[in-house]
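Its first residue numbered 0, the sequence shown is counted upward by one per residue in numbering that gives the first Met the number 0.
One structure is given here, and the rest of the page talks about it.
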Amino acid sequence: MGIIKPLPDLLISQIAAGEVVERPASVLKELLENSLDAGATRIDVQLEEGGVRLIRVADDGGGIAPEDLPLALARHATSKIASLDDLERVGSYGFRGEALASIASVARVTVSSRHPSQPHAFRLRSNADSAEPAALAAGTVIEVADLYFNTPARRKFLKTEATEFAHCDEVLRRLALARPDVAFTLSHNGSAKRRLASADFSHRAREIIGDEFFPQARPLDAVAGPLRLSGLAALPAYSRAGRDEQYFFVNGRFVRDKLLTHAARQAWADILHGARHPAYVLFLELDPAGVDVNVHPAKTEVRFRDARGIHQFIFHALQRTLATPLAAAGGDEETAAPRFVPAAYPQARQGSLGVGEPATRAYLEFARAAFADDANAVPPATEGSPGWAPTPGSTEDATAPLLGFAIAQLHGIYILAQNAAGLVLVDMHAAHERILYEKLKTDIEAGPPATQALLVPLLLAASPAELATVEEQGETLAALGFDMAAAGPREIAVRRLPALLAGGKVNDLVRSLLRDLAEHPASRVIETRRNELLATMACHGAVRAHRTLGLMEMNALLRQMEATERADQCNHGRPTWVQLSMAELDKLFMRGR
Ligand SMILES: Nc1ncnc2c1ncn2[C@@H]1O[C@H](COP(=O)(O)OP(=O)(O)OP(=O)(O)O)[C@@H](O)[C@H]1O
Ligand SMILES: [Mg+2]
Numbered sequence: 000m001g002i003i004k005p006l007p008d009l010l011i012s013q014i015a016a017g018e019v020v021e022r023p024a025s026v027l028k029e030l031l032e033n034s035l036d037a038g039a040t041r042i043d044v045q046l047e048e049g050g051v052r053l054i055r056v057a058d059d060g061g062g063i064a065p066e067d068l069p070l071a072l073a074r075h076a077t078s079k080i081a082s083l084d085d086l087e088r089v090g091s092y093g094f095r096g097e098a099l100a101s102i103a104s105v106a107r108v109t110v111s112s113r114h115p116s117q118p119h120a121f122r123l124r125s126n127a128d129s130a131e132p133a134a135l136a137a138g139t140v141i142e143v144a145d146l147y148f149n150t151p152a153r154r155k156f157l158k159t160e161a162t163e164f165a166h167c168d169e170v171l172r173r174l175a176l177a178r179p180d181v182a183f184t185l186s187h188n189g190s191a192k193r194r195l196a197s198a199d200f201s202h203r204a205r206e207i208i209g210d211e212f213f214p215q216a217r218p219l220d221a222v223a224g225p226l227r228l229s230g231l232a233a234l235p236a237y238s239r240a241g242r243d244e245q246y247f248f249v250n251g252r253f254v255r256d257k258l259l260t261h262a263a264r265q266a267w268a269d270i271l272h273g274a275r276h277p278a279y280v281l282f283l284e285l286d287p288a289g290v291d292v293n294v295h296p297a298k299t300e301v302r303f304r305d306a307r308g309i310h311q312f313i314f315h316a317l318q319r320t321l322a323t324p325l326a327a328a329g330g331d332e333e334t335a336a337p338r339f340v341p342a343a344y345p346q347a348r349q350g351s352l353g354v355g356e357p358a359t360r361a362y363l364e365f366a367r368a369a370f371a372d373d374a375n376a377v378p379p380a381t382e383g384s385p386g387w388a389p390t391p392g393s394t395e396d397a398t399a400p401l402l403g404f405a406i407a408q409l410h411g412i413y414i415l416a417q418n419a420a421g422l423v424l425v426d427m428h429a430a431h432e433r434i435l436y437e438k439l440k441t442d443i444e445a446g447p448p449a450t451q452a453l454l455v456p457l458l459l460a461a462s463p464a465e466l467a468t469v470e471e472q473g474e475t476l477a478a479l480g481f482d483m484a485a486a487g488p489r490e491i492a493v494r495r496l497p498a499l500l501a502g503g504k505v506n507d508l509v510r511s512l513l514r515d516l517a518e519h520p521a522s523r524v525i526e527t528r529r530n531e532l533l534a535t536m537a538c539h540g541a542v543r544a545h546r547t548l549g550l551m552e553m554n555a556l557l558r559q560m561e562a563t564e565r566a567d568q569c570n571h572g573r574p575t576w577v578q579l580s581m582a583e584l585d586k587l588f589m590r591g592r
């Protein structure tokens, strides 16, 4: 009577394969990941006809015991996790026990492996009942022949041999970047295409991304609590027309993640023309429990527990790397990352970072506000005089401000201040961004945000996509305090904007807000999404690295920080300021007190 029937096993696998095995390159990715999970130090890949005819991957990894061979090809069988707990902190590429079974349902698979416990190797074909003895010195060889032989409809979606080979090559390049210690070879139709010896990261990166990128690449290695970002970021002198040289790895896994690319793009936003794309190879490392890798069949997307904190961390680490003056860059890179010689970094670029630019109006405004609130914020007679510092006694009284008084600005990035305890170092941009963000949030939560009308509407040249965003996201923009509309087929008129941001570069602000909205449209302004947009706004309103601040402005920022909630934590552990006490300073100089 009933019409619901269980599906046959083969069909179940073929359906699953539809998600995992999109093309030869996806097969190659699964096989390479398995070899790396097995601890291989050398992997040889042979392809025929773009991988459709044959993909053969040979490794020198730990091998598979003969009794495990049938299980390796079975669905939902894996040696890599055993519980939900394992899944939540998985460190291997594989965890589903799905890949080989899926591949075996749409191709002819042969697994040959020699486990160290065995006197010889065994081989199992996907359609055979049992394994047979085979000749193989060590490791595992997996051959995948005649992809989609039994699902001809799928086969029709494949592109030319050259295209499929190019995708395979790209898969290998990504994993080779993540694992420079492993040697790889790649051949296609019998001719050698790549030969990568085991190397350090800089050599590998040079081989994979090429000689043009390399001289413009800045090494970085930033750590904040449990987060680490390392790799290479190209200065704006080297940019691309597409996103083809953007490699982002999360715990060694290549991902295409909106959050990560967005954070990176923002770091370059000020120094790169909007139509160009930055080039980078970046490795984000964090506790596996903080990232869910089980969200996408090809595992190329991830979900972060603390998305906002990670976004901020990446943005700041990259921005700092790109902004650091050349002389200061790479100073501590003796060991891990190579020291690069950035040959042709144009001086004009530094100008565009805002060296010596006058402070924004917003900045001066809060300086004024701070002084109005508290006449003692800066000793009146001395304010602004260069080299001014409070006398030692003046910081000791009980009303002395927590963050003390500014003494100087370091490399356009840090503010140095003296307080009762000793020296205070403030990350200028991070601190200001935090303050602005909190203010924007408070402002918006208190009702419609305070806005400021522009006497003359600001006209911006706009692309059709930007115009469409203005139209579609009008409500969101209004909720954020913007009034803008199309002013012709290629122009936007901005009539009103949040009062807190009125002093900044409206142009850049509007552009990145529109880009942000276009990429992640917000039909309703839900709170988390709204806060992300506010963060974009704050980031643009915040004082840029390399802007010279007067003592008065610096002191105003310090007072503002003291008055702002959570101002001392940029986000989850990344401080906006640090204290070096006199005792710590004395220790540096072995000075007994
Ligand atoms: N090259 C290899 N060397 C050693 N063992 C392997 C190799 N390839 C596969 N295996 C074994 O076969 C099992 C099944 O592999 P398969 O790729 O199907 O699943 P998985 O890697 O566990 O998970 P996922 O589906 O997420 O890739 C693995 O768990 C592993 O034990
Ligand atoms: Mg696998």
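Backbone N, C-alpha and C define an ideal beta-carbon position, used for all residues, glycine too.
For Ala541 against His410, the beta-carbon gap comes to about 17 angstroms, at or over 8 angstroms, which does not count as contact. Judged by beta-carbon spacing, Ile313 lies within the 8 angstroms limit of Ala263, meaning their Cβ atoms are closer than that value. At least one heavy atom of ligand 1 is found less than 7 angstroms from the C-beta of Glu97. The beta carbon of Gly90 lies closer than 8 angstroms to those of Asn250 and Pro287 in the same chain, with the five residues before and after it left out. Cα atoms of Asp180 and Thr40: separation of roughly 7 angstroms, rounded to the nearest angstrom. In terms of Cβ geometry, Leu557 and Leu499 do not form a close pair [threshold 8 angstroms]. Residue pairing from DSSP places Leu231 in a beta bridge opposite Pro218 and Val280. Look at Val292 here: in three-state DSSP terms it is coil, with no helix or strand label.
If you draw a straight line from the Cα of Glu444 to the Cα of Ala268, it is about 28 angstroms long. In the same chain as Ala37, and ignoring 5 residues on each side of it, the C-beta atoms closer than 7 angstroms to its own belong to Asp58, Gly60, Gly61 and Thr139, in chain order. Secondary structure note for Lys257: its alpha helix (DSSP H) is the uninterrupted segment Lys257 to Ala268. Secondary structure within the stretch 132-161: the beta strand (DSSP E) runs of 3 or more consecutive residues, fully enclosed, are 138-144 (chain order). In the three-state DSSP reduction, Pro456 falls in the strand class (E or B). Among the bridge pairs identified by DSSP, Arg124 is matched with Thr109.
When the alpha-carbon of His75 is set against those of Asp128, Gln45 and Ile11, the nearest one is in Ile11. Cβ contact annotation for Asp515 (same chain, cutoff 8 angstroms, sequence separation greater than five): His261, Glu531, Leu532 and Thr535, in chain order. Taking the Cβ of Phe94 as the reference point, at least one heavy atom of ligand 1 falls within a distance shorter than 7 angstroms. Taking C-beta separations shorter than 8 angstroms and ignoring five residues to either side along the sequence, the partners of Glu21 in its chain run Ala297, following chain order. In this structure, Leu27 sits near Val170, with a CB-CB distance shorter than 8 angstroms. The count of Cβ pairs closer than 8 angstroms, one atom from the stretch 124-143 and one from the stretch 97-109, reaches three, so the stretches are in contact. The three-state reading of DSSP puts Phe212 in coil, since its state is none of H, G, I, E or B. The beta carbon of Glu32 sits closer than 7 angstroms to at least one heavy atom of ligand 2. Annotation: Pro488 to Gln472 spans about 17 angstroms, alpha carbon to alpha carbon. Below 8 angstroms, too few C-beta pairs join the stretch 297-309 and the stretch 413-426 to call them touching: fewer than three. Here His539 carries a helix assignment [DSSP, helix/strand/coil].
Non-local C-beta neighbours of Arg88 in its own chain, meaning closer than 6 angstroms and more than five positions away in sequence, comprise Pro287 and Ala288, ordered along the chain. Between Gln245 and Ser511, the C-beta spacing is not below 8 angstroms.
When secondary structure is reduced to three states using DSSP, Phe312 falls in the helix class. The beta carbon of Thr184 sits closer than 6 angstroms to those of Asp43 and Arg194, all from its chain and outside the five residues before and after it, given in chain order.
Inter-residue distance for Thr77 and Ala582 is about 55 angstroms (C-alpha atoms, whole angstroms).
Straight-line spacing of the CA atoms in Val469 and Leu508 works out to 14 angstroms. Here Arg217 is near Leu234, since their CB atoms are less than 8 angstroms apart. Remark: the C-beta of Ala100 is in contact range of ligand 1, defined as less than 7 angstroms to any heavy atom. In this structure, the beta-carbon distance from Ala452 to Ile491 does not fall below 8 angstroms. The Cβ atoms of Ala430 and Met560 sit closer than 8 angstroms to each other.
For Lys79, the secondary structure class from DSSP, reduced to helix, strand or coil, is coil.
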